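In what follows, a structure is listed as structure tokens, so that the remarks can point back to it.
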Amino acid sequence: MASSFDQYQKRKLISSYFSVVISIALVLFLLGCLGLLVLNAKKLADHFREQVVVTIYLNDSAKEVEVNQLQKSLAMADYTKEAKYVSKEEAAQIVKSDIGEDFMEFLGTNPLQNSIDIYLKADYVTNETLDGITAELSNKAFIEDIKYDNDLVEIMNNNVKKITFWVLILSAVFTLIAVLLINSSIRLAVYSKRFIIKTMQMVGATKRFIRKPFVSKSIQLGIIGAIVALLGMSVVLYYLNKTFPQLELIQQPILIGALFAGVFLLGILITWISTFIATQRFLNLKTDQLYY
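According to UniProt numbering, the sequence shown is numbered sequentially starting from 1.
Shown next, in the form of structure tokens:
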């Protein structure tokens, strides 16, 4: 009978520890993924900004030497990431591929123009910079027109500011939720042993002596939960880097290492503080208050 009861108690204890580890792992995993998002938020925003194209349309009368000089000067400009010359023949092939048919068969001629596509560095994708580039180049006689999506740039910059603000707010809220959830799991685990705590106290054990095994066990659970969370984060990071290699998510090993270390230490810190507070609460309760 006693053996059966002991086995039941062990299973109950293991189940309790398992639920605590899973709770810690899930919360730290989600918090770590949010940290990855925060670290790469600017990189993601920069990636989309650098897809904005400024197209300079050239007159048919433009001399080759003028076009080459313009392309080289644009390529060397501080604001330029890439300057690419697109002939009217290449432009026709692009349009043909996009619409799925040869439009020149109907028109009998190629109405498109030679052009230079400029891809700007992310920090320069602002309406002010684009207006300045347009004003600087518009006085060249062989340039017929300069076009870019002004509305898209404005919407993109506004959305980046909003997303950055809400990501920071979400990070703060989620961190608070993480602390509360892990704290609740730890408190429930300690609550199940409140009578043991009080019994040890009644036979003369000091508070520090009573707290030590609880804190030690919780830190162990925190470490296990943090390791599980880090494994999950590694899988997510590997998948994202494989799916979106252009974002170069693993090109910042120091920051990623710091994030992983932060998640690991956070798992230990939260479990230690939660266990300390929970055990202290039951140590300060009177015996008759343990039943409520």
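No residue lacks a Cβ here, since even glycine has one placed at the ideal position from N, Cα and C.
Computed from a prediction, not measured in an experiment: that's the story for all the values here.
Could you check which residue in the options has the C-alpha nearest to that of residue i?
i: L51; options: L39, A141, V125, V27; result: Position check: residue 51 holds Gln in this sequence, whereas Leu was assumed. Among L39, A141, V125, V27, the Cα nearest to that of Q51 belongs to V125.
i: F165; options: V38, K96, I146, L26; result: V38
i: V236; options: F29, V21, S23; result: F29
i: L231; options: F260, E89, A41; result: F260
i: P111; options: I118, K96, K121, Y119; result: K96
i: L120; options: T109, S171, I133; result: I133
i: S23; options: Y79, N59, L180; result: L180
i: A141; options: K63, T243, T109; result: K63
i: E90; options: S115, D131, Y79, L266; result: S115
i: T275; options: I210, L26, L152; result: I210
i: residue 293; options: V54, D46, L152, Q69; result: Since the first residue shown for the chain is 1 and the last is 292, residue 293 is missing from the structure and cannot be characterised.
i: R281; options: L137, M233, I268, I186; result: I186
i: L44; options: I163, I196, A178; result: I163
i: G257; options: V21, V20, V53, G32; result: G32
i: N241; options: L36, S73, G267; result: L36
i: residue 380; options: L58, V86, F214; result: Because residue 380 is not part of the residues shown, which for the chain are 1 to 292, the question remains open.
Determine which residues share a DSSP beta bridge with residue i and list them.
i: T55; result: D117, K147
i: Y85; result: I116
i: T80; result: L120
Give the straight-line distance between the Cα atoms of residue i and residue j, rounded to the nearest whole angstrom.
i: L283; j: S216; result: 17 Å
i: V201; j: I219; result: Per the sequence shown, the amino acid found at residue 201 is Gln instead of Val. So the two alpha carbons sit approximately 22 Å from each other.
i: N150; j: V160; result: 16 Å
i: residue 334; j: L34; result: In the structure as shown, the chain begins at 1 and stops at 292. Residue 334 is therefore absent and cannot be evaluated.
i: Y148; j: T109; result: 26 Å
i: F264; j: P245; result: 27 Å
Verify the contact flag: residue i, CB atom, against every heavy atom of the ligand ZN, threshold strictly below 7 Å.
i: N150; result: Absence of the ligand ZN from the depicted structure is noted, as is the absence of any ligand whatsoever, leaving it without description.
Starting from the C-beta of residue i, find all residues in its chain whose C-beta is less than 8 Å away, skip the five residues before and the five after it, and write them out in chain order.
i: L255; result: L39
Consult DSSP for residue i and reduce its assignment to one of helix, strand or coil.
i: F175; result: For the record, residue 175 in the displayed sequence is Thr; it is not Phe. Of the three classes helix, strand and coil, the one that applies to T175 here is helix, per DSSP.
i: T206; result: coil
i: T164; result: helix
i: M1; result: Because the pLDDT of M1 is 46, which lies under 50, any placement of that residue in the model is unreliable, and the number read from its coordinates should be weighed accordingly. Coil, per DSSP.
i: N68; result: helix
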